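Using this note's numbering, the letters of the sequence shown correspond one by one to residues 1 to 419.
C-beta atoms are modelled at their ideal positions from N, C-alpha and C, and glycine is treated no differently.
Everything numeric in this text was worked out from a predicted model, so none of it was measured.
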Amino acid sequence: MKNKLADFNFFYSLLLPVVLFGVRCHYRRFMVRGKENIPWGKPFIIAPCHQNALMDALVILQAMGRKTVFLARADIFQNPVARFFLTWLRISPVYRIRDGRESLSRNEDIFNTSRQVIEQRVPLCLMAEGTHNDRHQLLPLVKGMFRIAGATQSELGDQPLYILPVGLDYDHYECLYHSVCVNIGKPIDVRQFMDEFETNEPVALNQMRRVLTTSLKAQMHHVGSKERYDDEFAYCHLSTPDTLRQLHLSNNPWGRFMARKYTSEYVATLPEEQRQPLYDQGNAYAEDCRRRGIPLWFASRNMSLGKSLICLLVALLSIAAIVPIWNYWLLSNAVVYLPTHLFVRRNIKDPQFRSSVNYGIRLLLQFIYAIVIFIVFTCLHGVLWGVGMVLLGIVSAWVTPRIFILLRDAWYGLKQHLH
C-alpha cells in the first residue's frame, strides 16, 4: 500500500536541493563519517541523538542525500507556518501523554504510516530521545521507536530491519557559520530481539533501548557528568590540543570532535576522586575564556597568531576583490548581511529553536529576494541580467559567509594572543 509521505512529489524534489544548499551555507563545515554503514536498499530506521531542534532533521537530510521521512513531537506543529513547513519536509507528528490522553489514539495511525514508509524502502528518522537537549549528553531514549521497529520486523519476517545510530555534534547550537559533524555507526539488526518481542514485548523494548543507548554514546560526544557538566565540557576543550597530538588527529572540526569525545570517555573510566581535579581545571579554563571574551569552541582550536593574521589578510583581500562589483554583489543577496539572529534571540525563548527559526527566516527571505531581483533586472535589462543576478546571489550566499568566518577567526585569534 502506497503512502503519501513516501510518494514522489515534484515540488519537494525541486525545492529540496535549495533547502539543502541553505544548510551548507548555514554551516561553516559539514563533515560526515560512516556512510558505508548505511544499509541502502534495505528497510532501516535512522536514530540520531537530538541536539538542535529542526536543524537535526535538515542535517540528517543533508547527510543522507535523499528523501527521508521524519517523526517529531506534536507540540511543534501548533504554529500554522511551522506545521506547513514541517509537513512539506515530510515530518509527521507523534503525540505524547503531555499532549493529552485523547491525542494518544492518533499514534496508532502514525505508527501504521511509519511501517508503510519503512516497507517502501524510504528511510524513517526518529529522534531517539524524543526531545532535544541543549547539552552534549544523551537523554533517556523513548520506546515509540522500538515499538515501530518490533511491529515492522514482525511484518517483514526473515527480512532484516535495521536501526542506524547517528551521532551529531555542533560547535555551537545557535550561531550561524559553525561546524557540524555527523558520525554514522554500525546498523543494529532488529531480528536479534524478535524472539523476546513475540513473548515479552516490554523486555524486548528495554533490550533494544540498552543496545541503542550504548551505540549512540559511542557515536557522539557524551559528557558523563550531570552535576559538573560545564566543567567537564570545558576540560574537554582544554585537553583538545594535546589529545589531537596524542591521537594524531587533524586540527579540524572532525578531529576536535573526536578529541572531545575521547576525553569524556577517558574521564568516565576514572574514579570519582581523580575526576574532581580535572573538573576544577575545566572550570578555571572556562572562567579564563570568559574573562578574555573568547568562546570555548574557538579557544580549543589553539590558533596561532600567524594564522590569525593570515585569516585577516585573506578576508581583506577577498573584500578588495569584490569591490569592483560591490554594488551588484550587495544587491544580488542583501539578505546575507541582515542580523536576523537579533530578532530570533529576542522572540524565541527556547535557545534550541533559535538556529532553526533563523535558518527558516533567512532561507525564505533569500528565496523571495531572488525572485524579486530576477523580476526587477529582467524588466530593466533583460532575462540574461536577471539570471546573472540570481547566479551572483547564489555565489554571494556561499562566499560572503566565508568572509565573515575569516574575520571572526581573526578577531578571536588576535584577542587570544594580544589580550
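Among the candidates the options, whose CA atom is the shortest distance from the CA of residue i?
i: Ser498; options: Lys67, Gln137, Trp411, Trp88; result: What is shown of the chain runs 1 to 419, which leaves residue 498 out entirely.
i: Gln51; options: Leu278, Phe257, Thr68, His132; result: His132
i: Met31; options: Gly167, Trp254, Gly22, Leu392; result: Trp254
i: Arg33; options: Leu15, Met64, Ser304, Pro43; result: Met64
i: Ser13; options: Leu126, Ala218, Thr68; result: Thr68
i: Asn283; options: Ser332, Arg228, Asp75; result: Arg228
i: Met421; options: Gln159, Leu16, Ser332; result: Residue 421 lies beyond the range of the chain shown here (1 to 419); nothing can be said about it.
i: His417; options: Val267, Gly306, Ile325; result: Gly306
i: Ala47; options: Met127, Ser300, Arg115; result: Met127
i: Ile38; options: Cys125, Gly22, Arg90; result: Cys125
i: Asn333; options: Ala370, Leu15, Ile294, Leu342; result: Ala370
i: Ile184; options: Arg28, Val399, Asn302, Lys35; result: Lys35
i: Arg24; options: Arg210, Ser179, Ala218, Met389; result: Ser179
i: Phe146; options: Glu272, Tyr337, Phe44, Leu338; result: Phe44
i: Tyr285; options: Phe298, Gln274, Glu273; result: Phe298
i: Gly22; options: Ser396, Arg408, Asp409; result: Ser396
i: Met389; options: Cys289, Arg290, Val372, Leu364; result: Val372
i: Thr214; options: Ile368, Asp288, Leu138, Leu238; result: Leu138
Excluding the five sequence neighbours on either side, which residues of its own chain have a C-beta within less than 7 Å of the C-beta of residue i, listed in chain order?
i: Ser264; result: His221, His222, Val223, Gly224, Glu232, Cys236
i: Thr340; result: Asn358, Ile361, Arg362
i: Lys2; result: Note that Lys2 has pLDDT 48, beneath the 50 cutoff, so the model's placement of it is unreliable and the number below is only indicative. For Lys2, where only same-chain residues beyond five positions count, there are no Cβ hits under 7 Å.
i: Cys181; result: Met31, Asp169, Pro253, Trp254, Phe257
i: Leu278; result: Tyr235, Val267
i: Glu174; result: Pro351, Arg354, Ser355
i: Ala204; result: Gly150, Phe193, Glu196, Phe197
i: Gly293; result: Lys415
i: Cys49; result: Ala128, Glu129, Leu138, Gly167, Leu168, Leu216, Met220
In the DSSP assignment, the alpha helix (DSSP H) including residue i goes from what residue to what residue?
i: Gly150; result: 144-156
i: Cys379; result: 351-381
i: Cys289; result: 272-292
i: Arg191; result: Per DSSP, Arg191 belongs to no alpha helix (DSSP H) and is neither H nor E.
i: His341; result: 340-347
i: Asn52; result: Per DSSP, Asn52 belongs to no alpha helix (DSSP H) and is neither H nor E.
How many Å lie between residue i and residue j at the Cα?
i: Gly41; j: Leu161; result: 11 Å
i: Leu168; j: Ala82; result: 23 Å
i: Ile319; j: Arg245; result: 35 Å
i: Ile148; j: Ala321; result: 55 Å
i: Gln207; j: Leu54; result: 28 Å
i: Leu216; j: Phe404; result: 34 Å
i: Pro80; j: Ala72; result: 15 Å
i: Leu296; j: Thr199; result: 50 Å
i: Ser431; j: Phe77; result: Nothing in the structure corresponds to residue 431, since the chain is present only between 1 and 419.
i: Gln366; j: Val335; result: 6 Å
i: His248; j: Asp242; result: 10 Å
i: Pro187; j: Ile163; result: 6 Å
i: Arg191; j: Gln153; result: 7 Å
i: Ala259; j: Asp280; result: 19 Å
i: Pro17; j: Ile394; result: 13 Å
i: Arg346; j: Tyr262; result: 36 Å
i: Leu384; j: Asp189; result: 54 Å
i: Asp230; j: Arg135; result: 9 Å
i: Pro401; j: Glu155; result: 48 Å
i: Thr240; j: Val122; result: 39 Å
i: Asp171; j: Gly157; result: 42 Å
i: Gln274; j: Leu238; result: 17 Å
Could you pull out every residue in the same chain whose Cβ sits closer than 6 Å to the Cβ of residue i, ignoring the five residues on either side in sequence?
i: Gly386; result: Phe374, Phe377, Thr378
i: Pro93; result: Ala74, Phe77
Roughly how far, in whole angstroms, is the beta-carbon of residue i from the beta-carbon of residue j, given that I think they are within contact range, below 8 Å?
i: Glu129; j: Val117; result: Not quite, the Cβ-Cβ distance comes to about 21 Å (not below 8 Å), so this is no contact.
i: Trp329; j: Leu392; result: 7 Å
i: Leu20; j: Leu61; result: 6 Å
i: Leu212; j: Pro140; result: Not confirmed; about 11 Å, so no contact.
i: Gly150; j: Phe197; result: 4 Å
i: Gly382; j: Met303; result: With 8 Å as the limit, Gly382 and Met303 do not qualify as a contact, their Cβ atoms being about 47 Å apart.
i: Phe111; j: Ile91; result: Not confirmed; about 15 Å, so no contact.
i: Tyr177; j: Arg301; result: The Cβ separation is near 14 Å, so there is no contact.
i: Ala57; j: Leu15; result: Going by Cβ atoms, the distance from Ala57 to Leu15 rounds to 15 Å, so no, they are not a contact pair.
If I measure Cβ to Cβ from residue i and keep anything under 8 Å in the same chain, skipping five residues before and after, which residues do I get?
i: Ser250; result: Leu244
i: Phe343; result: Ile361
i: Leu406; result: Cys311, Leu312, Val314, Ala315, Ser318
May I ask which residues mark the beginning and end of the beta strand (DSSP E) holding residue i?
i: Ala47; result: 44-48
i: Leu165; result: This sequence places Pro at residue 165; Leu is not what is there. 162-170 is the span of the beta strand (DSSP E), which, as asked, contains Pro165.
i: Pro93; result: 91-94
i: Leu124; result: 124-126
i: Leu141; result: Premise fails: Leu141 is in no beta strand (DSSP E) and is neither H nor E.
i: Phe70; result: 69-73
i: Val32; result: 27-33
i: Ser179; result: 178-184
Consider the Cβ of residue i: report whether some Cβ of chain C lies at a distance smaller than 8 Å.
i: Trp385; result: The structure shown contains no chain C; it is built from a single protein chain.
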